[in-house]
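Below: the structure, in structure tokens.
Protein chains: 4
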Amino acid sequence: MAQSRSVIINPLDNDSFHDECGVFGVFGHKDAAALTALGLHALQHRGQEAAGMVTYDGRHFHSRRGLGHVADNFSSESAISQLAGDYAIGHNRYSTAGDTVERNIQPLFADFEFGGFAIGHNGNLTNAVTLRRQLVKRGSLFQSTTDTEVIVHLIATSNYVTVVDRFIDALKQVEGAYSLVAMTQDSLIGVRDPLGVRPLVLGRLDEAYILASETCALDIIGADFVRDVEAGEMVVISGDGILSLHPFPRLPRRSCIFEFVYFARPDSVMDGRSVYETRKRIGVELARESHVDADMVIPVPDSGVPGAIGYAHEAGIPFELGIIRNHYVGRTFIEPSDQIRHLGVKLKHNANRAHVEGKRVILVDDSIVRGTTSVKIVEMMRFAGAREVHMRIASPPTTNPCYYGVDTPQRSELMAAKMDLEAMRKEIGVDTLAFLSMDGLYRATGEPGRNAECPQHCDACFSGEYPIALTDQEGGAHAAQLSFLTEVAGKR
Amino acid sequence: MAQSRSVIINPLDNDSFHDECGVFGVFGHKDAAALTALGLHALQHRGQEAAGMVTYDGRHFHSRRGLGHVADNFSSESAISQLAGDYAIGHNRYSTAGDTVERNIQPLFADFEFGGFAIGHNGNLTNAVTLRRQLVKRGSLFQSTTDTEVIVHLIATSNYVTVVDRFIDALKQVEGAYSLVAMTQDSLIGVRDPLGVRPLVLGRLDEAYILASETCALDIIGADFVRDVEAGEMVVISGDGILSLHPFPRLPRRSCIFEFVYFARPDSVMDGRSVYETRKRIGVELARESHVDADMVIPVPDSGVPGAIGYAHEAGIPFELGIIRNHYVGRTFIEPSDQIRHLGVKLKHNANRAHVEGKRVILVDDSIVRGTTSVKIVEMMRFAGAREVHMRIASPPTTNPCYYGVDTPQRSELMAAKMDLEAMRKEIGVDTLAFLSMDGLYRATGEPGRNAECPQHCDACFSGEYPIALTDQEGGAHAAQLSFLTEVAGKR
Amino acid sequence: MAQSRSVIINPLDNDSFHDECGVFGVFGHKDAAALTALGLHALQHRGQEAAGMVTYDGRHFHSRRGLGHVADNFSSESAISQLAGDYAIGHNRYSTAGDTVERNIQPLFADFEFGGFAIGHNGNLTNAVTLRRQLVKRGSLFQSTTDTEVIVHLIATSNYVTVVDRFIDALKQVEGAYSLVAMTQDSLIGVRDPLGVRPLVLGRLDEAYILASETCALDIIGADFVRDVEAGEMVVISGDGILSLHPFPRLPRRSCIFEFVYFARPDSVMDGRSVYETRKRIGVELARESHVDADMVIPVPDSGVPGAIGYAHEAGIPFELGIIRNHYVGRTFIEPSDQIRHLGVKLKHNANRAHVEGKRVILVDDSIVRGTTSVKIVEMMRFAGAREVHMRIASPPTTNPCYYGVDTPQRSELMAAKMDLEAMRKEIGVDTLAFLSMDGLYRATGEPGRNAECPQHCDACFSGEYPIALTDQEGGAHAAQLSFLTEVAGKR
Amino acid sequence: MAQSRSVIINPLDNDSFHDECGVFGVFGHKDAAALTALGLHALQHRGQEAAGMVTYDGRHFHSRRGLGHVADNFSSESAISQLAGDYAIGHNRYSTAGDTVERNIQPLFADFEFGGFAIGHNGNLTNAVTLRRQLVKRGSLFQSTTDTEVIVHLIATSNYVTVVDRFIDALKQVEGAYSLVAMTQDSLIGVRDPLGVRPLVLGRLDEAYILASETCALDIIGADFVRDVEAGEMVVISGDGILSLHPFPRLPRRSCIFEFVYFARPDSVMDGRSVYETRKRIGVELARESHVDADMVIPVPDSGVPGAIGYAHEAGIPFELGIIRNHYVGRTFIEPSDQIRHLGVKLKHNANRAHVEGKRVILVDDSIVRGTTSVKIVEMMRFAGAREVHMRIASPPTTNPCYYGVDTPQRSELMAAKMDLEAMRKEIGVDTLAFLSMDGLYRATGEPGRNAECPQHCDACFSGEYPIALTDQEGGAHAAQLSFLTEVAGKR
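Structural data, given as structure tokens:
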């Protein structure tokens, strides 16, 4: 608070992509709220700025939303006991600071003529601003700045009768990437957009059905994995069982490949593949493509670890913890003075000086976004006495922003969009620098390579090929900034 | 928290009527937010559960709303500095506990096609539920449980073009009591319902115009009183000056007489009459109507003081502080045990034992609602040794609930609706009990008496004559209870 | 927080004397903690900055202390239930801002060789710094900056055996004013200094004994008043009953006369006299001494009310509420701009403009300290149109600081120490100004006048005659400022 | 709060030893407080329950202490700016819940006759209770329940003149393990007990000297490592440079071997040896001693990682992340119901199911304390489908509590004190279980083996040989429980 003018050291890495959300839902379990809290906790890596839950007890909906982690909002008995009912949906939110006002915290809830409706969204709509303008013109009042609210108003103003038909009617009008969990007075609904960009899985715990962004959220509650929700599928779970609808024209799945590179938890299984195994295979491919002699392979903690294990094994070079992570990373620390301004990264990491001094090291990291962290880590390794520093990146250069639900910098801030390989190597200060090839990445996911005609994944951040129209971007639309964003938020 | 099951002593008097709101607005002053904070502070007696403000700086609207007193939310420099702009409106809210969720705190703000719009409301709409149902059916999504939001949606869906025409269009559809302050991107608007039930005054501070519920809010900022906003008048204050509109059929003013009895601050001037003077006159009328021999006249603090002064003067009996008020009344205290359960009222008041022992006392109070406080106060006086206790009430018996913006108990909880005078006297435990007559009350406000054909005030709480249709009540409508009211409440 | 550099309006009157403490104790009641909370609440006017309590359950002592009001710290069931036991002592603290760190909050507790001991103090020791130096030299470590801790160390290092003997030994070494409540493992002890400067009363509730600074604290719990603890008396309450000791040479009582003027609650009885009655008598004496023609007598709320009633009655001039007090005074408000810098006092008071306009008014206030509030109130009355403003002060000019437990400004800040009557009249801006005479004040307390040989009260603030040696002052001692006072302050 | 009666899942591992403190000091740097905050942050693993700092600016001491992490208390600019001065000492505290009252947070500060003195302590005194009794008897008043306060009182009551002589006088009377940092008005002092049980290092940053528990705290501020403070050495750092004193009879160093096993950060260098390297060597020794065929070596995160790397390398079996750690571990979650009561460990860890299913796995963990976590982790691996589970422990069986500054369970709760190897294997549910031998552990620290005559380290937790007298234990002394421990705890 009120420290805006002081120079601060932020130990939290903002030099990476951030997934924007995790979703979770339960239908038919007496501990629905507690299970949802646990599921959201397992999905905390997908969004740490806010968390919310809506439950239904057969008569009333109950809601609780708050800034901060799941454990900050949902670990007290009183919080859980107020969230009565056998159905629940929950949501973790990541967002850039300015937008994190409480009214944007999901699940959104609406009181329709036909009853209550709650919805949580992972992804991003690419024509939300355009649709919002049309809705406002006809008298709809928006209460948040989230794209998701467009879906709610489209349902409210739909001419169809049942809630499922209205929901489908609304989704046919939106474009973008979305994995949704929704709740009506008698059903839990899961939907994945026609390309299946964001993940969504179906699980089962005893008689209850579960929806979750990733399988690790099934594991934490001891639920069984049933199957992925398919691209373009809507599952309607009610007392009558599961109804599977395919309301959109069928398209081949094109799920986000960056989930494998960084977003998903390594213990999740996605599209039938182990994320951990895929990351190790990425390391193997990387070692094959860009071998270099060295004394040790060092992961940049923690996301670089599986890739480094794969690399080390393939290259026959010892895997070592050359960088130690501080487990107690706080938010910010005041920087003492100019003289020691380079401390930032050390709040989070420290070089294992005794071990790397005089050695040739290979650093393995998952990706390079702005490159600022890489510069600091290499500087730290040099300061600790490493003789040679080679950097290997477990993905192709990230040259384009994501518009499908990932918080990424402007193109102009992406290091790989501004520089060629040699310029990047110099800037980062390494002896050699290599990225994984696009085909190598696809191979690691079990494909023979990238199918240029019809790529098996969305890889727009690497290729610039956007598989879903960017209507708002192209129309020059910018999100109508509600004027009262200062309202409640961080204020206390 | 979590103490709901323990028996607690609540020293705050819930045995009285509570006004539901105070409103304030400034147009054209560089310190608009600070002035509004001060104005709301002067109007704190009209609503203590939440406070809010919206300002406009020519480009953006800024908002801040919070539970608690004005000083809790608007006394920090940072709070005020974030509320930039030359226009501001503010609102104090009273409400029963269950409804005090943050989303109900006013001013409400909406982002219309034609720009931002903020509104604050003192009063109550009597057809809000009926209108809400119609709006929901056509696809409007409500985000609060306040009646005021109906006006916002009626504006959004109006077919008129200008914001003023849309506002008038909306108001023509609503019934009830309202004094409104609203703000658009180029104007400050004040409106009083056709009967002028709730107060609203116009003031001036240098070049700036001020709207406020009472004149005491003009005094605190050193503004001059210009005039009352008239019953049925809309004033539109803009860069072009003040435009006065009378969009409704003209009716004789019928302002709430209970404002004189209890709600308004004694230093306010209402309908051209000093509230303090009127209360003293009430005491004089009361002494004339129901004289009794006694040693002293004692006000029930603090609302009974002016009436007691008038009574004492007229009766020629000394005015004495026989009940001392504790200035540090906190919210609640834990009750030690059954044996001393009668302490409740003592947290707030104590009998001046040394002074009343052995004396014949006349207690003057403003009104009797449930009667529970009266019972305790009389018990306290008896315990302190008063020889005779006579009670004189500065208003007629309150026999009917108010539907025009005052929080009152059900009819079945009103003592005077359940018992005749003698039964009340016994229940309260006094030697004699007398209420002011209806004509006496009207005389104190400067009238020759009540004009039964066309009463000069709304006196429904005394007479049961409701001057505005109770559409929702008669239609059996109950406010659609949004299901997620638990949302914010328990959270902090 | 962190607003120290902004100009703020502090509506809380710092233009008055502040009593420094209230004490309370219970022996032998199962609700000891709850009763103590209520007693402290009734004594809240004696100290608002912090509150504390220590209880003993026969095996363990329990303590809770916190900044803020009693209700902030002791109104929750969990707070009370943790304070187990049948004995309790409690303390309200007033202090200047800098010293209000948590470690100074009383009761102080010490773990002696012979067991636990807790003590709460109203008053001030005038040789504390001198004694502290001696104790530190011998190896005693001080943990607070309170004078009271000296007593604790003197007990710890005493050569006597029993706790009562050690306590007496300690008190024989201290000088100053003190009313103490203390608790050992088997007794509750009350002590009043040899002159009885600060009040202390003994009460009874069923089988339990109560000690309290004022009788109003007995009233709130329904306890009977037994008697004042005498000047120089120590009462030791244990399972064996009450033991009354007089360990000091007997001196005539000389209790603080300012308690009658301002500190004590009007519903208390002190030295056998009703405080309210005494204040009314002061008003009568004042009217006799300095009559002036006028239209109304107006109290400066709230302390001026009894005096104004007495004055009005004696002078035959109507008593009127010409100044209305805002009941919702918050801590501070940001001042909007220079132009309206005079608002300060209006946050707390407003002139009853409609009533005073064109009138000749007599303002009655209890005392003048710095005079700044008087200047503002008179300005407010003039602004509201009063034709003549006469001020009558219900005490003699306050010309000297108090060293016996009252927070007073330096002598150089006392208006009456710097100016003569005419200069004060001009500065305050009144038509006439008069103070009560010293003899008038004594007459109001039931004496024939002040006995110059042996004054019946301590009146040092009016007379400059200090009845107890000011050892530290004369020795040039200043409280050793512990270096870590910043400790708690900024923390939350 | 108020959840005491509900069954909760505590994801924080209380099935391990906890180091009790970290200390840090700076002499002669303008950013002393900021550097100390960073140093304490790097030492956060040594104590997470509270943090404190005292600085000296040449005239005043400043202090700030608070419950929680360093970042919770020392990351704001205002916190740091209040801690003025060029000298600072800081302290991280671990403690069992009941004792974490604010008054126990170090550094302790005392205001002696000769000036201020602050002290922070890592270790535990084994005759503190005995000394405390003697001090209390002579009139010393204790204000905390920490053993460290005994040293402060011994200094206060010493007959020596200079602060250094008094400090030495005090230390000659205490027994136990201690690494101390202390601060006087002109010096920073570091001391290590005669055996050097707890670590303490000396560093240099430009002209400033630094004291720290571990070298990782030098790294974070970019300071150079100078040397270990020697066992039994006192270093007095002042404007005159460093003075090295050896006030005690010289003994061979016998530093805690558990620091190498678990406490110290892997990037620290201790007694001249890399902790990370030592842990890898432990893994190597373990593989040599207890080889078993398997498909992969899996570390129990995170402390088992270096040992697992060494084991995997020596055994030629792949190192794999078979257990994934959740980075967002909150404090507690409500357990949904009996049926899924086994979730506890999953809040922190999840089995990498896709990777371990059907495999033979070797789990490497640092130690076994109660064994409860081991049981859960093995159960989790079995549930995930591991075919064989072998457990290898990177230390000998822990059979005895530590009395030298480590929080350990009673002997009766130590699994290895209650069962033989086979019983432990069965209880934990593994196919094979093996511990490192005592000689193997010593070999990993660079010794040829344990010297039974004169062991090179304190290994009492493994051997039961306590090198320092346990005076209080043997005398049956228990810490005098100050009676007011409830004081702060319950307050918020």
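Chains as they are written, first to last, in our numbering: chain A, 1 to 492; chain B, 1001 to 1492; chain C, 2001 to 2492; chain D, 3001 to 3492.
Where is the CB? At the ideal position from N, CA and C, for every residue including glycine.
**Report entry** Under 8 Å between C-beta atoms of C:Glu2277 and B:His1349
**Finding:** Here residue 2277 of chain C corresponds to residue number 277 of the third sequence, with the count starting at 1. Here residue 1349 of chain B corresponds to residue number 349 of the second sequence, with the count starting at 1. No.
Query raised in the report: In whole angstroms, what separates the C-alpha of D:Thr3445 from that of D:Cys3256?
Result: Your numbering for residue 3445 of chain D matches position 445 in the fourth sequence. Your numbering for residue 3256 of chain D matches position 256 in the fourth sequence. Those two C-alpha atoms are separated by around 12 Å.
Requested in this report: Give the residues from the segment 3347 to 3377 of chain D that approach chain A closer than 8 Å (Cβ to any Cβ), ordered along the chain.
Outcome: Leu3347, Asn3350, Ala3351, Asn3352, Arg3353, Ala3354 and His3355
Report task. Please work out which residues of its chain come closer than 7 Å, Cβ to Cβ, to A:Asp472, disregarding the five sequence neighbours upstream and downstream, and give them in chain order. Result -> As a first step, residue 472 of chain A must be located in the first sequence, where it is residue number 472. Thr126, Asn127, Ala128, Val129 and Thr130.
Report task. Quick one: grab the DSSP three-state call for D:Val3369. Result -> Taking the fourth sequence and counting its residues from 1, the one referred to as residue 3369 of chain D is at position 369. Three-state DSSP puts D:Val3369 in coil, outside helix and strand.
Query raised in the report: Which residues bound the beta strand (DSSP E) around B:Gly1307?
Result: Looking up residue 1307 of chain B in the second sequence gives position 307. Run containing B:Gly1307: none in the beta strand (DSSP E); it sits in the alpha helix (DSSP H), Val1305 to Ala1315.
**Report entry** Partner residues on chain B for A:Asp420, Cβ-Cβ distance less than 7 Å
**Finding:** Working through the first sequence from its first residue, we reach residue 420 of chain A at position 420. Within 7 Å Cβ-Cβ: nothing; A:Asp420 doesn't reach chain B, min ~42 Å.
Query raised in the report: For D:Thr3432, which residues does DSSP report across the bridge?
Result: Here residue 3432 of chain D corresponds to residue number 432 of the fourth sequence, with the count starting at 1. The partner list for D:Thr3432 (beta bridge, DSSP) reads D:His3390.
Query raised in the report: Grouping DSSP H, G and I as helix and E and B as strand, with all else coil, what is B:Phe1248?
Result: Position 248 of the second sequence, counted from the start, is the residue given in the question as residue 1248 of chain B. Of the three classes helix, strand and coil, the one that applies to B:Phe1248 here is coil, per DSSP.
Report task. Determine which residues of the segment 106 to 119 of chain A have a Cβ less than 8 Å from any Cβ of chain B, and write them out in chain order. Result -> Phe109, Ala110, Asp111, Phe112, Glu113 and Gly116
Query - Listed by chain order, chain A residues near B:Ser1137 by CB distance under 9 Å - result: Counted from its first residue, the second sequence places residue 1137 of chain B at position 137. What sits at residue 1137 of chain B in the sequence shown is Lys, not Ser. Within chain A, the residues near B:Lys1137 are Glu113.
Report task. Would you mind reading off the limits of the beta strand (DSSP E) that contains C:Asn2124? Result -> The sequence position of residue 2124 of chain C within the third sequence is 124, counting from 1. Note, C:Asn2124: beta strand (DSSP E), Gly2115 to Leu2125.
Query raised in the report: Is it right to say D:Lys3426 is buried, meaning 16 or more other beta carbons lie within 10 angstroms of its own, or is it exposed?
Result: Taking the first residue of the fourth sequence as 1, we reach residue 3426 of chain D at position 426. Classification of D:Lys3426: exposed, given that the 10 Å Cβ count is below 16.
Query raised in the report: In this structure, does DSSP put C:Phe2142 in helix, strand or coil?
Result: By 1-based counting over the third sequence, the position of residue 2142 of chain C is 142. In the structure shown, C:Phe2142 sits in coil (DSSP, three-state: anything other than H, G, I, E or B).
Report task. If I'm right that A:Phe435 touches A:Pro401 with Cβ under 8 Å, what's the distance once you round it to whole angstroms? Result -> In the first sequence, counting from the first residue as 1, residue 435 of chain A sits at position 435. In the first sequence, counting from the first residue as 1, residue 401 of chain A sits at position 401. Not really, about 18 Å apart at Cβ, beyond 8 Å.
Requested in this report: Determine which residues share a DSSP beta bridge with B:Thr1055 and list them.
Outcome: Within the second sequence, the letter at position 55 stands for residue 1055 of chain B. Paired residues: B:His1062 and B:Ala1088.
Query raised in the report: Taking a cut of 7 Å between CB atoms, which residues from the segment 2272 to 2291 of chain C lie near chain B?
Result: Ser2274, Tyr2276 and Glu2277
Query raised in the report: Per DSSP, C:Leu2067 forms a beta bridge with which residues?
Result: In the third sequence, the residue the question calls residue 2067 of chain C occupies position 67. Answer is C:Ala2050.
Query raised in the report: Taking 8 Å as the CB-CB cut-off, is C:His2091 touching chain D?
Result: Along the third sequence, one-based indexing puts residue 2091 of chain C at 91. Not one chain D Cβ lies under 8 Å of C:His2091.
Query - Three-state secondary structure (DSSP) of B:Arg1265 - result: Mapped onto the second sequence, residue 1265 of chain B falls at position 265. Looking at B:Arg1265 - three-state DSSP - the assignment turns out to be coil, as it is neither helix nor strand.
Query raised in the report: Per DSSP, which one or two residues make a beta bridge with B:Pro1299?
Result: Looking up residue 1299 of chain B in the second sequence gives position 299. Looking at the DSSP assignment, B:Pro1299 forms a beta bridge with B:Val1364.
Query raised in the report: Less than 8 Å separating the beta-carbons of A:Val369 and A:Glu20?
Result: Mapped onto the first sequence, residue 369 of chain A falls at position 369. Mapped onto the first sequence, residue 20 of chain A falls at position 20. Going by C-beta atoms, A:Val369 is not nearer than 8 Å to A:Glu20.
Query raised in the report: Under the rule that 16 or more other beta-carbon atoms within 10 Å means buried, what is C:Pro2249, buried or exposed?
Result: Walking along the third sequence from the start, residue 2249 of chain C turns up at place 249. Per the 10 Å Cβ criterion, exposed.
Query raised in the report: C:Asn2122 and C:Ser2179 look like a contact to me (Cβ under 8 Å); what is the Cβ gap, rounded to whole Å?
Result: Looking up residue 2122 of chain C in the third sequence gives position 122. Looking up residue 2179 of chain C in the third sequence gives position 179. Right, the Cβ-Cβ distance comes to about 5 Å (below 8 Å), so this counts as a contact.
Query - Inter-residue spacing [alpha-carbon to alpha-carbon] between C:Leu2083 and C:Ala2071 - result: As a working mapping, residue 2083 of chain C is identified with position 83 in the third sequence. As a working mapping, residue 2071 of chain C is identified with position 71 in the third sequence. If I take the Cα positions, the gap works out to 15 Å.
Query raised in the report: Do you know how far the Cα of C:Phe2260 is from the Cα of C:Gly2464?
Result: One-based indexing of the third sequence puts residue 2464 of chain C at position 464. One-based indexing of the third sequence puts residue 2260 of chain C at position 260. Distance between the alpha carbons of C:Gly2464 and C:Phe2260 is about 18 Å.
Query - Closer than 8 Å to chain B by CB, A:His502 - result: The structure shown does not extend to residue 502 of chain A, since chain A is modelled only from 1 to 492, so the question has no answer here.
Report task. Could you tell me which chain A residues have their CB closer than 9 Å to the CB of D:Cys3216, listed as they occur along the chain? Result -> Position 216 of the fourth sequence, counted from the first residue, corresponds to residue 3216 of chain D. The contacting residues are Ile324, Asn326 and Asn350.
Requested in this report: Report the three-state DSSP secondary structure of C:Glu2020 (helix, strand or coil).
Outcome: As a position in the third sequence, residue 2020 of chain C is number 20, starting the count at 1. Reduced to three states, the DSSP call for C:Glu2020 is coil.
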